[in-house]
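In the numbering used here, the protein residues as written are 65 to 160.
Following: one structure in C-alpha coordinates, then a few remarks.
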(Lines of atoms letter the chains of each structure in order from A and count residues from 1; the text may use other names and numbers.)
(Lines give C-alpha, C1' and ligand atoms only; values in the text may rest on other atoms or scores of the structure.)
Protein backbone atom coordinates (compact mmCIF):
# COMPACT_ATOMS: atom_id res chain seq x y z
CA UNK A 1 0.00 0.00 0.00
CA UNK A 2 1.43 3.35 -0.96
CA UNK A 3 1.11 6.52 1.02
CA UNK A 4 -1.96 8.57 0.33
CA UNK A 5 -0.14 11.60 -1.02
CA UNK A 6 -0.83 13.75 -4.06
CA UNK A 7 1.83 11.97 -6.10
CA UNK A 8 0.37 8.47 -5.72
CA UNK A 9 -1.04 6.55 -8.65
CA UNK A 10 -4.48 8.03 -8.16
CA UNK A 11 -3.37 11.50 -9.10
CA UNK A 12 -0.57 10.88 -11.57
CA UNK A 13 -2.32 8.11 -13.48
CA UNK A 14 -6.05 7.58 -14.03
CA UNK A 15 -6.32 4.82 -11.42
CA UNK A 16 -8.82 5.08 -8.56
CA UNK A 17 -7.59 4.32 -5.04
CA UNK A 18 -8.64 2.58 -1.88
CA UNK A 19 -6.69 4.61 0.68
CA UNK A 20 -5.59 3.07 3.97
CA UNK A 21 -3.87 5.92 5.80
CA UNK A 22 -1.44 4.95 8.53
CA UNK A 23 0.44 8.01 9.80
CA UNK A 24 1.48 11.63 9.40
CA UNK A 25 -0.36 13.48 6.61
CA UNK A 26 -1.81 10.34 5.00
CA UNK A 27 -5.29 10.81 6.55
CA UNK A 28 -5.45 14.32 5.06
CA UNK A 29 -4.50 13.17 1.55
CA UNK A 30 -6.75 10.12 1.77
CA UNK A 31 -9.70 12.41 2.53
CA UNK A 32 -8.71 14.74 -0.34
CA UNK A 33 -8.64 11.83 -2.81
CA UNK A 34 -12.08 10.74 -1.59
CA UNK A 35 -13.40 14.31 -1.71
CA UNK A 36 -12.49 14.68 -5.39
CA UNK A 37 -13.96 11.25 -6.06
CA UNK A 38 -10.69 9.60 -7.09
CA UNK A 39 -10.87 7.20 -4.14
CA UNK A 40 -13.27 5.44 -1.86
CA UNK A 41 -13.68 6.67 1.68
CA UNK A 42 -10.45 6.03 3.57
CA UNK A 43 -10.20 2.96 5.76
CA UNK A 44 -8.21 3.82 8.88
CA UNK A 45 -5.44 1.25 9.32
CA UNK A 46 -6.71 0.23 12.76
CA UNK A 47 -10.14 -0.44 11.22
CA UNK A 48 -8.82 -2.40 8.25
CA UNK A 49 -10.48 -5.77 7.79
CA UNK A 50 -10.63 -8.14 4.88
CA UNK A 51 -14.32 -7.37 4.48
CA UNK A 52 -13.87 -3.58 4.47
CA UNK A 53 -11.02 -3.79 1.98
CA UNK A 54 -12.98 -6.17 -0.26
CA UNK A 55 -16.04 -3.88 -0.14
CA UNK A 56 -13.98 -0.83 -1.08
CA UNK A 57 -12.18 -2.68 -3.87
CA UNK A 58 -15.52 -3.88 -5.21
CA UNK A 59 -16.86 -0.31 -5.08
CA UNK A 60 -13.85 1.16 -6.91
CA UNK A 61 -14.03 -1.49 -9.64
CA UNK A 62 -17.80 -1.33 -10.16
CA UNK A 63 -18.34 2.43 -9.94
CA UNK A 64 -16.89 4.20 -12.94
CA UNK A 65 -17.23 7.56 -11.18
CA UNK A 66 -13.98 6.83 -9.29
CA UNK A 67 -12.13 6.08 -12.53
CA UNK A 68 -13.45 9.24 -14.20
CA UNK A 69 -12.52 11.38 -11.20
CA UNK A 70 -9.05 9.80 -11.06
CA UNK A 71 -8.58 10.57 -14.77
CA UNK A 72 -9.63 14.20 -14.20
CA UNK A 73 -7.26 14.51 -11.23
CA UNK A 74 -4.39 13.01 -13.26
CA UNK A 75 -5.07 15.43 -16.11
CA UNK A 76 -5.14 18.39 -13.73
CA UNK A 77 -1.93 17.30 -11.98
CA UNK A 78 -0.18 16.90 -15.34
CA UNK A 79 -0.78 20.57 -16.13
CA UNK A 80 0.26 22.02 -12.76
CA UNK A 81 4.07 21.78 -12.93
CA UNK A 82 4.20 21.70 -9.14
CA UNK A 83 7.90 20.86 -9.01
CA UNK A 84 8.77 23.76 -11.29
CA UNK A 85 6.73 26.17 -9.19
CA UNK A 86 8.36 24.91 -6.00
CA UNK A 87 11.85 25.36 -7.46
CA UNK A 88 11.01 28.89 -8.55
CA UNK A 89 9.64 29.77 -5.10
CA UNK A 90 12.73 28.35 -3.37
CA UNK A 91 15.03 30.25 -5.73
CA UNK A 92 13.17 33.48 -5.02
CA UNK A 93 13.50 32.90 -1.28
CA UNK A 94 17.20 32.06 -1.41
CA UNK A 95 18.27 34.67 -3.97
CA UNK A 96 16.81 37.64 -2.34
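By construction, the Cβ of each residue, glycine as well, lies at the ideal position given by its N, Cα and C atoms.
Residue 103 sits in a strand when the DSSP states are folded into three classes. The beta carbon of residue 86 lies closer than 6 angstroms to those of 109 in the same chain, with the five residues before and after it left out. DSSP, read as helix, strand or coil, puts residue 88 in coil.
Between the alpha carbons of residue 114 and residue 79 lies a gap of roughly 21 angstroms. Between residue 101 and residue 130, the C-beta spacing is below 8 angstroms.
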